[in-house]
Amino acid sequence: RTSTSLLPPNGMHMRMYGSERSYFSGVVWDRNVIDLTDAWAWPAGYYAKTEFNIDSYGNLKNGRKEALVTVENLIETNAAMMDFHAFNEVYAPVTLDSVVALFCRDRQYNHLLHVLGMRTHWKALTGKRL
987 RTSTSLLPPN GMHMRMYGSE RSYFSGVVWD RNVIDLTDAW AWPAGYYAKT EFNIDSYGNL
1047 KNGRKEALVT VENLIETNAA MMDFHAFNEV YAPVTLDSVV ALFCRDRQYN HLLHVLGMRT
1107 HWKALTGKRL
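Numbering-wise, our numbering puts 1029 at position 43 of the sequence shown, and it's gapless, one number per residue.
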């Protein structure tokens, strides 16, 4: 499982977590390949912070369970927003087969080189070209 975000239609106008300088790259997962049956989702703008709010047994803590919404609800909410989408968090079981792309949030040369290096490393590990 990993924390990820559910992009709005066309993947546009979404505020991403963290600053571009600190979090300049990312992974795109194919939602149709991931089994979202047991995924945990929180509403747009909610700070789920799963890295701090799951105990060693895999249980949610600090009110995170009470704030859960369905993935379907999150999809509907994303579709209804037009201009701006707050970040959201979905904690889902991802697989190597569900990775479809890597991205860079800015055009800084060293960040672009980093993402290209990730792409090369990915191909060496999986044989899959992104």
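Built from N, CA and C at the ideal position, the CB exists for glycine as well.
Residue burial classification, residue i (beta-carbon count within 10 angstroms, cutoff 16)
i	result
S1042	exposed
L992	buried
E1075	buried
M998	exposed
L1060	buried
A1027	buried
R1115	exposed
A1034	buried
R1093	exposed
Where residue i falls: helix, strand or coil (DSSP)
i	result
T990	strand
G1113	coil
Check whether residue i and residue j have beta carbons under 9 Å apart
i	j	result
R987	A1078	yes
S1011	V1080	no
A1030	N1064	yes
A1087	V1014	yes
S989	T1036	yes
Cross-strand partners of residue i (DSSP beta bridge)
i	result
S1008	For S1008, which the question treats as bridged, DSSP gives no partner whatsoever.
Residue i beta carbon near the ligand NAD (any heavy atom closer than 8 Å)
i	result
G997	In terms of ligand content, the structure shown is empty, and the ligand NAD therefore cannot be addressed.
Practice prompt. Would you list, in sequence order, the uninterrupted beta strand (DSSP E) runs of no fewer than 3 residues that lie entirely inside the stretch 1043-1103?
Written response: 1075-1078 and 1085-1090, all fully within the stretch 1043-1103.
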